[in-house]
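Here the structure comes first, spelled out in C-alpha cells, and everything after it is commentary.
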Amino acid sequence: FIDKKPWPEHLDAAVVKRDRLAYQKAVSAGGSADYEAYLNAYPQSKMANEVSALYHKSLYAEKTFSNNFIDYVNFVNQHPESPYVGNAEDKIYEMSTATGTVQAYRSFIVEFPSNRNIKDAWKHLYNAKIKENYSSESILAFSEEYPDYPYKNELLKEYNMADKVFFPVKNDGKWGYLDK
Numbered sequence: 002f003i004d005k006k007p008w009p010e011h012l013d014a015a016v017v018k019r020d021r022l023a024y025q026k027a028v029s030a031g032g033s034a035d036y037e038a039y040l041n042a043y044p045q046s047k048m049a050n051e052v053s054a055l056y057h058k059s060l061y062a063e064k065t066f067s068n069n070f071i072d073y074v075n076f077v078n079q080h081p082e083s084p085y086v087g088n089a090e091d092k093i094y095e096m097s098t099a100t101g102t103v104q105a106y107r108s109f110i111v112e113f114p115s116n117r118n119i120k121d122a123w124k125h126l127y128n129a130k131i132k133e134n135y136s137s138e139s140i141l142a143f144s145e146e147y148p149d150y151p152y153k154n155e156l157l158k159e160y161n162m163a164d165k166v167f168f169p170v171k172n173d174g175k176w177g178y179l180d181k
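Positions in the sequence shown are counted from 1; adding 1 to them yields the working numbering.
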C-alpha cells in the first residue's frame with residue numbers, strides 16, 4: 002500500500018502501523034539480528050531509537066552470554082560504538098584483577114591501556130606496592146619501577162609528605178595538625 006500509493010491521505014498512519022507491526026515482530030523474536038533487520042529496513046522509524054537500544058542490549062547479552070573473559074575482550078574490540086562497551090570493560094577489569102595482586106594490576110594496565118578503569122588500576126597498583134612500607138623511599142622506588150605512572154604530581158606530593166610527622170593541636174576548641 003505504502004509503495005503503490007505514496008501520497009494517500011493516510012500515509013502517515015500507514016507508516017506508523019507498518020513500523021509498529023515490524024517492531025512487534027522484532028521484539029517477539031528478540032535477537033540482535035532481528036533488531037538490526039528492523040533498523041536496516043526502517044531507519045526513519047519513530048521507534049528506531051528504542052529498537053537501537055534493544056539491539057545493543059541484545060547484542061551484548063548474546064556476545065557475552067558465556068561470561069568468558071575473551072568474550073568481553075572481543076566485544077570491546079568488535080563493537081566499540083556500543084553503549085555496553087563500558088560494561089564489558091568493567092568485566093574485563095574485574096576478571097583481570099580478581100586476585101588483587103600487583104602483578105594482576107600491572108598486567109591489566111599493560112594489556113588494556115585504553116580501558117575506562119585504568120585510573121583505578123593504577124591507584125590499586127600504587128596502594129598494593131606502598132601499603133607494606135609507606136615512606137619516601139618506597140614512593141621513590143615505585144616511581145623508578147613504574148616510570149609510566151600517569152599521576153606524577155600526586156606522587157610528588159605523597160613523596161614530600163611521606164616522612165613528615167604531624168602532631169595534633171587544639172586551638173579554640175578545634176583540633177588540627179602541625180608538622181615539626
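Virtual Cβ for every residue (Gly too), placed ideally from N, Cα, C.
On a predicted model such as this, the values are computed, not experimentally measured, just so you know.
Contact between Ser137 and Leu156 does not hold, since their C-beta atoms are separated by about 11 Å, which reaches or exceeds 8 Å.
If you draw a 10 Å sphere on the C-beta of Ser29, you find fewer than 16 other C-beta atoms in it, and that means exposed.
Only buried fits Lys92, as 16 or more other CB atoms lie within 10 angstroms of its CB. As computed with DSSP, Asp180 is found in a beta bridge with Phe167.
Per DSSP, the continuous alpha helix (DSSP H) segment holding Gln79 begins and ends at 70-79. The beta carbon of Gly87 is closer than 8 Å to those of Arg117 in its chain, skipping five residues each way along the sequence. When DSSP states are grouped into helix, strand and coil, Lys92 belongs to the helix group.
Per DSSP, the continuous alpha helix (DSSP H) segment holding Glu145 begins and ends at 137-146.
Positions of the alpha helix (DSSP H) runs, each at least 4 residues long and wholly inside the stretch 17-58, are given as 33-42 in order along the chain.
Per the DSSP secondary-structure output, Lys175 pairs in a beta bridge with Asn172. Leu40 and Val52 have their alpha carbons spaced roughly 7 Å apart. Measuring C-alpha to C-alpha distances from Tyr147 to each of Pro44, Val111, Ala38, Gly32 identifies Val111 as the nearest.
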